[in-house]
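In the UniProt record's numbering, the protein residues as written are 1 to 235.
The beta-carbon is built from N, C-alpha and C at its ideal position, and this holds for glycine as well.
In what follows, a structure is listed as C-alpha cells, so that the remarks can point back to it.
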Amino acid sequence: MAISSFSKRALAVAVMAAGLSACGSDDEKIVVVEPDTLEYEVTIYNDTSAQPLSPAVVGIHSATMSLWTLGTSASVPLETMAEGGDASDIAAMFTGDNVAVTGAGAIGPGAYETLMISASERSDMQLSLATMMVNTNDAFTGLNGIDIGGLMVGDSMTYSLPAYDAGTEQNSEAVGTIPGPADGGEGFNAARDDVMNKVSRHPGLVTQADDPASVLLPDHRLSGTVGRVVITRTN
C-alpha cells in the first residue's frame, strides 16, 4: 500500500521523537516538522448568456464543514449571498486552518476569473465555492466539499456548475426584487417568503415570455449548467 507524503512526514516525526526519548539526555529536543503549504488555482467560467455571477468565494476546509445541504434550510450567510451577492459572511465562516479567498468582482456572461488559494496540507482537504446569479431572486451556484487531497502537482479537476435555489425568496422575478442589472432592485432581505425554505436544484426562472410582470427576458433563463470550474494544484 502506498504511503502519502503527508503520512511519511508524520511517521518521520514519530520516529525522531521516539529516538530522542530513548537517549534519556537532559538536552532532549522534539523536532516538529511543519506541514507543507499547498497552492491551488481555481478558474471559474460563466457559461450563461445573460447572468453575471457575483464575486465568488472559494475556500479550503476540513470534511466537517459544509456550505449547504440539499433539502435543508439555507444558513443566513448563504441566504445573504444568494439574495444579494455578498459572500463576505460565507468567507467569515472559514476560521483556523480553514481558509477562503474572494473574487475581485462580478464574472460576466462568457467571462472567467482565476483565483489562487493556499492551505496547509492535511488528510481531509476539501474545496468549496459559491456565487450568485445576480439576475435572479435567490439562485446561486458552486461546489460543496470537493476532495482535493489526492491532487498531485500539475493535476486538474473540472466540474460543471448547476443552478441551485436557496429557497429563501419567492421566485417572482418581479420588478424591484432582483439586485442585478436586469432590475437593480432589492438584494438581501431577512424575511423569508419562499414556502419551500430549503436548498434545492433551481426549477427555472419566470421571464416575460411566461409572465408580463417579470423583469427578465428569455436570455436570462437558466438551462442546464451555468458554468464550469477547473481546479489545478500548482505546487
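Cβ pair residue i, residue j closer than 8 angstroms
i: V199; j: L70; result: yes
i: L53; j: M116; result: no
i: S123; j: D97; result: no
i: D147; j: Q126; result: yes
i: A87; j: F94; result: no
i: A166; j: A91; result: no
i: T136; j: Y164; result: no
i: F188; j: T37; result: no
i: T158; j: V42; result: no
i: V134; j: G180; result: yes
For residue j and residue i, believed in contact at Cβ under 8 angstroms, the rounded distance
i: residue 236; j: S66; result: Residue 236 lies beyond the range of the chain shown here (1 to 235); nothing can be said about it.
i: G59; j: S128; result: 5 angstroms
i: E173; j: S214; result: 4 angstroms
i: D138; j: T102; result: Wrong, their Cβ atoms sit about 19 angstroms apart, outside the cutoff.
i: T234; j: Y40; result: 7 angstroms
i: P162; j: T225; result: 6 angstroms
i: A182; j: L216; result: 6 angstroms
Range covered by the beta strand (DSSP E) that runs through residue i
i: G142; result: A139 to D147
i: A119; result: Y112 to S120
i: L129; result: Q126 to M132
i: E28; result: Where E28 is concerned, there is no enclosing beta strand (DSSP E), given that its DSSP letter is neither H nor E.
i: N46; result: T37 to N46
i: R233; result: G227 to R233
i: G103; result: Premise fails: G103 is in no beta strand (DSSP E) and is neither H nor E.
i: I60; result: V57 to H61
Endpoints, alpha helix (DSSP H) assigned at residue i
i: M81; result: V76 to G84
i: S156; result: S156 -> not in any alpha helix (DSSP H); beta strand (DSSP E) instead, spanning S156 to L161.
i: A166; result: Note, A166: premise wrong, no alpha helix (DSSP H); not H, not E.
i: S88; result: S88 to A91
Closest Cα partner of residue i within the set the options
i: T48; options: L78, T234, P218 and P77; result: P218
i: G105; options: M196, T136 and A56; result: A56
i: I231; options: S223, T72 and M152; result: M152
i: V229; options: A130, S73 and P212; result: A130
i: D194; options: G184, P181, A209 and T177; result: T177
i: S160; options: A191, P212, V134 and S223; result: S223
i: R221; options: V31, T158 and P109; result: P109
i: P212; options: A191, V175 and M196; result: V175
i: P35; options: Q51, S118 and P179; result: S118
i: L143; options: I30, L78 and D210; result: L78
i: Y112; options: T64, Q51 and D155; result: Q51
i: N197; options: S156, T64, G227 and S75; result: S75
i: W68; options: R201, D210, Q208 and G227; result: R201
i: G227; options: A63, D89 and I107; result: I107
Whole alpha helix (DSSP H) runs in the region 182 to 219 with 4 or more residues, listed along the chain? none
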